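Structure record follows, encoded as structure tokens.
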């Protein structure tokens, strides 16, 4: 049964209260909560509304959820150039513990899109995530860095945004409007993730590498589902367009209910 969710509760937590989150209360006595791990960069901005809608749907079903920003992103402390992969992993574990304290739930489902899915996967052990729902996770960091660099290079010559080609220096050391530090670039370039042997739902909506990733996750015992529409993660023409998927929200909310009643 769907109930009217309570208002989101802003919260600061983590070291020196440097992390910002929005807690969505669930039903009293619930045993399972969902941690929504955001992606980075433009993907974070483009998925913001979808994450908010998903959290509201989950809370309306009685499942508590926490949205949060990593250090250096969103409304958390720090600057974009300070974002580091290892710190993001720590932030996932910190956010998971905050969700446990606020909700009273020990069973935590981790959800994430793109690099948010990668962070949920990589931090699953330390954050004690019982189940994972991963939407188009980045498993090959080097390929992802190359794709972001290619998108950044194409942005220099985009006639829809600039009246003349932009100089290299004007768009250097950033990915699509977000400053990127040398440390994060190197960490992502070295990133290579494998599926975990725990209950996982892999949601795919990209073409490149989809079959190989699907087989790897299936071999590890994961359930794999394909969305009906392609998601334009790396399309220059839709760089500022919000990522929306009612289908994804429906699938994720249904999966969480299955976990609760299993």
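Residue numbers (the numbering used here): -1 to 260.
Think of the CB as a built atom: it goes at the ideal place given N, C-alpha and C, for glycine as much as any other residue.
All values reported here derive from a predicted model rather than from experimental measurement.
Per DSSP, which one or two residues make a beta bridge with residue 221? DSSP, once it has assigned bridges, lists 199 as partnering residue 221.
Residue 135: buried (16+ other C-beta within 10 angstroms of its C-beta) or exposed? Buried, by the Cβ-count rule.
Would you tell me roughly how many angstroms separate the C-alpha atoms of residue 62 and residue 8, rounded to the nearest one? Roughly 14 Å separates the two Cα atoms.
Rounded separation between residue 42 and residue 36 - CA only: Rounded to whole angstroms, residue 42 to residue 36 spans 6 Å at the Cα level.
If you drop the 5 nearest sequence neighbours on each side, which residues of the same chain put their C-beta closer than 7 Å to that of residue 183? Once the five neighbours on either side are set aside, the close Cβ partners of residue 183 are 143.
Considering only DSSP beta bridges, list what residue 130 is partnered with. Residue pairing by DSSP places residue 130 opposite 108, 198 in a beta bridge.
For residue 34, the three-state DSSP class (helix, strand or coil): The answer is strand: DSSP assigns residue 34 an E or B state.
Give the straight-line distance between the Cα atoms of residue 108 and residue 79, rounded to the nearest whole angstrom. Take the alpha-carbon of residue 108 and the one of residue 79: they are about 26 Å apart.
Residue interval of the alpha helix (DSSP H) (run including residue 181): Segment 180 to 187, the alpha helix (DSSP H) holding residue 181.
Looking at residue 260 and the ligand ATP, is the gap between the Cβ and the nearest heavy atom below 6 Å? The ligand ATP is absent from the structure shown, which contains no ligands of any kind.
Please report the distance separating the alpha-carbon of residue 25 from that of residue 96. Computed Cα separation, rounded: 17 Å.
Residue 115 and residue 87: beta carbons closer than 7 Å? Remark: C-beta atoms of residue 115 and residue 87 do not approach each other more closely than 7 Å.
Give the list of continuous alpha helix (DSSP H) stretches no shorter than 4 residues that lie fully inside the segment 49 to 108. 83 to 101, all fully within the segment 49 to 108.
Residues near residue 200 in its chain [Cβ-Cβ closer than 6 Å; skip 5 each side]: Scanning its chain for C-beta atoms nearer than 6 Å, with the 5 sequence neighbours on each side dropped, one finds around residue 200 the residues 132, 215, 220, 222, in chain order.
Residue of 190, 246, 17, 250 minimising C-alpha distance to residue 65: Closest by alpha carbon: 17.
Let me confirm a value: residue 123 is counted as buried when at least 16 other C-beta atoms fall within 10 Å, else exposed. Which label applies? Under a 10 Å Cβ-count criterion, residue 123 is classified as exposed, with fewer than 16 other Cβ atoms of the shown protein chains found around its own Cβ.
Out of 53, 20, 51, which one is the CA nearest neighbour of residue 72? Residue nearest to residue 72 within the set 53, 20, 51 is 20 (criterion: CA-CA distance).
Can you name, in chain order, every residue of its own chain whose Cβ lies under 6 Å from the Cβ of residue 100, other than the five neighbours on each side? Cβ neighbours of residue 100 beyond the five flanking positions: 21.
Output the boundary residues of the alpha helix (DSSP H) element that contains residue 249. 244 to 259 is the span of the alpha helix (DSSP H), which, as asked, contains residue 249.
Whole angstroms is fine: what's the gap from residue 185's alpha carbon to residue 82's? Each residue's Cα considered, the two are about 8 Å apart.
Considering only the alpha carbon of each residue, which of 232, 70, 238 lies closest to residue 149? For the set 232, 70, 238, the Cα lying nearest the Cα of residue 149 is the one of 232.
Can the beta-carbon of residue 240 be found closer than 7 Å to that of residue 50? Inclusion of residue 240 and residue 50 in the CB contact set at 7 Å is not warranted, their separation being larger than that value.
From the DSSP secondary-structure annotation, give me the bridge partner or partners of residue 150. Residue 150 pairs with nothing; no bridge assigned.
On the CB-based measure, 16 or more other CB atoms within 10 Å of its CB, does residue 11 come out buried or exposed? Looking at its Cβ environment, which holds 16 or more other Cβ atoms inside 10 Å, residue 11 is buried.
Please classify residue 152: is it buried, with 16 or more other beta-carbons within 10 angstroms of its beta-carbon, or exposed? So residue 152 ends up on the exposed side.
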